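Residue numbers (the working numbering), protein chains in the order written: chain C, 32 to 141; chain E, 38 to 151. Where a beta carbon is used, it is the ideal one built from N, C-alpha and C, also for glycine. Every value quoted in this text rests on a predicted model; they were computed, and no experiment measured them. Here's the structure, in structure tokens; my notes come after.
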């Protein structure tokens, strides 16, 4: 069946550091891929998405590229801020259901 | 994008009682879902709420424990029945417009069972 694997956290970075959160997936067909972010005490919010191979999703300085050959969708940001501290979830959707990775908690220190 | 209102935002309940969580979407959506998120963990799909018919439950979740209603396109309820401390979790309502489209989430209901 379909699955999503993302790097374990927590990830702790200093402000302005480069961020990568790895995400790989297995799917039987051609899923859409997503990154969601969850700030403390809130529900999940869509951060970015990509619907086909080689698409790049981007939002708020975050980027991820849909790599079919490596079945990956790694999240990157060139310079993180304290306000980026949150939990990040990689997810795939193929049809009705959405499957989430385990989540990666990011701490950014000033 | 859809805005989802969920209530209550939190509750503390006694063992053996039931709690009904309400979810209201501000626009018509095709699909609504209920998820559970245990502390520090990922989301587990409980069921898909189907308009006007019985919900579709995932493995490990049953209607007697988690009855769900969806009387129209914008409203759904989840009841957690005969609660035990193991039901302490965050329950999230979500919705989307179609297959493969992004999910929108409410802020969740943080449930503590004592």
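Distance from the Cα of residue 42 (chain C) is smallest, within the candidate group C:34, C:35, C:52, for C:52. The stretch 56-76 of chain C makes contact with the stretch 122-139 of chain E: 3 or more CB pairs, one atom from each, lie closer than 8 Å. Chain-ordered, the chain C residues with CB closer than 7 Å to the CB of residue 85 (chain E) read 127.
Here DSSP, grouped into helix, strand and coil, assigns residue 39 (chain C) to coil. Cβ atoms of residue 79 (chain E) and residue 120 (chain C) come within 8 Å of each other, at about 7 Å. Assignment of beta-bridge partners to residue 139 (chain C) by DSSP yields C:44. In the three-state reduction of the DSSP assignment, residue 122 (chain E) falls in the helix class, which pools H, G and I. Using a Cβ-Cβ cut-off of 9 Å, residue 56 (chain E) does not count as an interface residue toward chain C, since no Cβ of chain C sits closer than that to its own.
Under a 10 Å Cβ-count criterion, residue 87 (chain C) is classified as exposed, with fewer than 16 other Cβ atoms of the shown protein chains found around its own Cβ. For the pair residue 41 (chain E) and residue 62 (chain E), the CB atoms are nearer than the 9 Å cut-off.
Residue 126 (chain E) and residue 105 (chain E) have their alpha carbons spaced roughly 17 Å apart. The distance from the Cβ of residue 55 (chain E) to that of residue 116 (chain E) is about 6 Å, consistent with a contact at the 8 Å cut-off.
Residue pairing by DSSP places residue 77 (chain C) opposite C:67 in a beta bridge. Shown here, residue 115 (chain C) sits in a helix according to DSSP, grouped into three states. Rounded to whole angstroms, the separation of the alpha carbons of residue 115 (chain C) and residue 138 (chain C) is 8 Å.
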